[in-house]
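The sequence shown begins at 5 in the numbering used here and counts up by one.
Every residue, glycine too, gets a C-beta built ideally from N, C-alpha and C.
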Amino acid sequence: MAYDNGSKHAPVQIVKKIDKSSPVLSQACSDGDELMCKLHFYRPNEKGGIELFYEIELTGALIRSLVTHMPHVIDFNGDDMQETLSISYRDIRWRHVAANTIAFSSWLKPITDK
């Protein structure tokens with residue numbers, strides 16, 4: 005996202021391993037299905053476990069592109085196949101879970117003079 009007389013939203017990009025959701029995501033991209041996406045981000049905590057610390061929620065989301073990445077056959081170092089999804093959206097909500105801070109933006113919101 006950038007700001008130049010109003011916010012300019014760019015697609016959210018996600019890099020993930022190829023898994024059982026990959027064909028379903030490919031179909032949603034192919035069909036232009038409108039989605040609601042909830043992205044949860046985890047990190048290690050002091051107790052040796054993991055904790056949810058950040059969330060992004062997208063409404064009116066569309067998978068604009070899906071690119072498959074395959075490691076080099078000779079020098080793949082055990083890496084898995086991955087895919088990159090570019091997701092555009094109408095609305096976005098950010099939440100830092102531990103601090104409970106929340107923000108929201110919509111590209112439909114009219115630009116007003118400050």
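Problem - Cβ distance (whole Å) where Thr88 is taken to contact Val71 below 8 Å - result: The count along the sequence shown starts at 1 and reaches residue 88 at position 84. The count along the sequence shown starts at 1 and reaches residue 71 at position 67. 5 Å between Cβ atoms; contact.
Handout entry: Assigned secondary structure, Asp35 (DSSP; H/G/I helix, E/B strand, else coil)
Key = Numbered from its first residue, the sequence shown carries residue 35 at position 31. Residue state, collapsed to three classes: helix.
Exercise for the section: Compute the Euclidean distance between the alpha carbons of His73 and Gly52, then round it to the nearest angstrom. Expected result: Here residue 73 is taken as the residue at index 69 of the sequence shown, counted from 1. Here residue 52 is taken as the residue at index 48 of the sequence shown, counted from 1. If I take the Cα positions, the gap works out to 32 Å.
Exercise for the section: Taking all protein chains shown into account, decide if Ile54 is buried (16 or more other Cβ within 10 angstroms of its Cβ) or exposed. Expected result: The residue you call residue 54 lines up with position 50 of the sequence shown. Flag for Ile54 reads exposed.
Handout entry: Simplified DSSP assignment, three categories, for Val28
Key = To locate residue 28, count along the sequence shown from 1; it is residue 24. Of the three classes helix, strand and coil, the one that applies to Val28 here is helix, per DSSP.
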